[in-house]
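Participant: Got a structure here, written out as structure tokens. Questions coming.
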Amino acid sequence: HDFKVWNPQLIQYAGYKGKDGTIIGDPRSVEFTEVCMKLGWRGKGTPFDILPVVLTANGEDPDYFELPPDLVMEVPLTHPRYEWFGEMGLKWFVVPLVSHMMFDCGGIQFTAAPF
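Okay, so the sequence shown: first residue is 1 according to the UniProt record's numbering, each after it adds one.
Take a look at the structure:
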């Protein structure tokens, strides 16, 4: 069986590139966000939209699955000295879960084993 997780990380913020070249969200995710949108996913266009998990199995077309918001733990970003930093409303997810790597255990290869 051939299984693949397309996401570089299971939890990742979307990146939207505007017509003028500006980016909303995570610039590293622009290309993958476009892939998700071609599959039919639509985010809200905010800087903190969580991308869906994209999977393929047994040569089938890829499909996407949205993560329930209550499963994604996020923390607000603050600074002990600069109060204005916390006022920016920035946040980040706690556990990224690397997911696009193969795990080889004694010659047995697991192509969908996030860690």
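Just so you know, even glycine gets a beta-carbon here, dropped at the ideal spot from N, CA and C. Given the structure is predicted, the values throughout are model-derived calculations rather than measurements.
Which of the three DSSP states, helix, strand or coil, is assigned to L55?
Facilitator: Translated into the one-based positions of the sequence shown, residue 55 becomes position 55. Three-state result, L55: strand.
Participant: Are the segment 3-11 and the segment 47-56 touching by the rule of at least three beta carbon pairs closer than 8 Å?
Facilitator: Yes: the two stretches touch, three or more of their Cβ pairs being nearer than 8 Å.
Participant: Give me the residue from V72, P27 and C36 with the minimum Cα distance to D61.
Facilitator: Along the sequence shown, read from residue 1 onward, the residue named residue 61 stands at position 61. It is C36 whose Cα lies nearest to the Cα of D61.
Participant: Taking only three categories from DSSP, how would you classify V94?
Facilitator: By one-based count along the sequence shown, residue 94 stands at place 94. Reduced to three states, the DSSP call for V94 is coil.
Participant: Tell me, to the nearest whole angstrom, how far the beta carbon of L97 is from that of P114; I am working on the premise that it is less than 8 Å.
Facilitator: If you number the sequence shown from 1, residue 97 lands on position 97. If you number the sequence shown from 1, residue 114 lands on position 114. That pair is a contact at about 5 Å.
Participant: Assign F110 to one of two classes, buried (16 or more other C-beta atoms within 10 Å of its C-beta) or exposed (fewer than that).
Facilitator: Locating residue 110 in the sequence shown gives position 110, counting from the first residue. F110 comes out exposed.
Participant: To the nearest angstrom, report how far apart D20 and W92 are at their CA atoms.
Facilitator: What you label residue 20 is simply residue 20 of the sequence shown in a count that begins at 1. What you label residue 92 is simply residue 92 of the sequence shown in a count that begins at 1. One C-alpha to the other measures close to 26 Å.
Participant: Kindly indicate which residue of F48, E31 and D26 has the alpha-carbon position closest to the one of M73.
Facilitator: Residue 73 sits at position 73 when you count from the first residue of the sequence shown. Of the listed residues, the one whose Cα sits closest to M73 is F48.
Participant: Helix, strand or coil, according to DSSP, for F48 in the structure here?
Facilitator: The sequence position of residue 48 within the sequence shown is 48, counting from 1. Reduced to three states, the DSSP call for F48 is coil.
Participant: Compute the Euclidean distance between the alpha carbons of L90 and R42, then round it to the nearest angstrom.
Facilitator: Residue numbering aside, residue 90 sits at position 90 when the sequence shown is read from its first letter. Residue numbering aside, residue 42 sits at position 42 when the sequence shown is read from its first letter. Going from the Cα of L90 to the Cα of R42 covers about 22 Å.
Participant: Tell me which same chain residues have a C-beta within less than 6 Å of the C-beta of I50, skipping the five on either side of it?
Facilitator: For the purposes of this step, residue 50 is taken as the residue at position 50 of the sequence shown. Once the five neighbours on either side are set aside, the close Cβ partners of I50 are L67 and V72.
Participant: Given this structure, state the Cα-to-Cα distance separating F85 from V75, to the nearest angstrom.
Facilitator: Here residue 85 corresponds to residue number 85 of the sequence shown, with the count starting at 1. Here residue 75 corresponds to residue number 75 of the sequence shown, with the count starting at 1. Whole-angstrom Cα-Cα distance: 14 Å.
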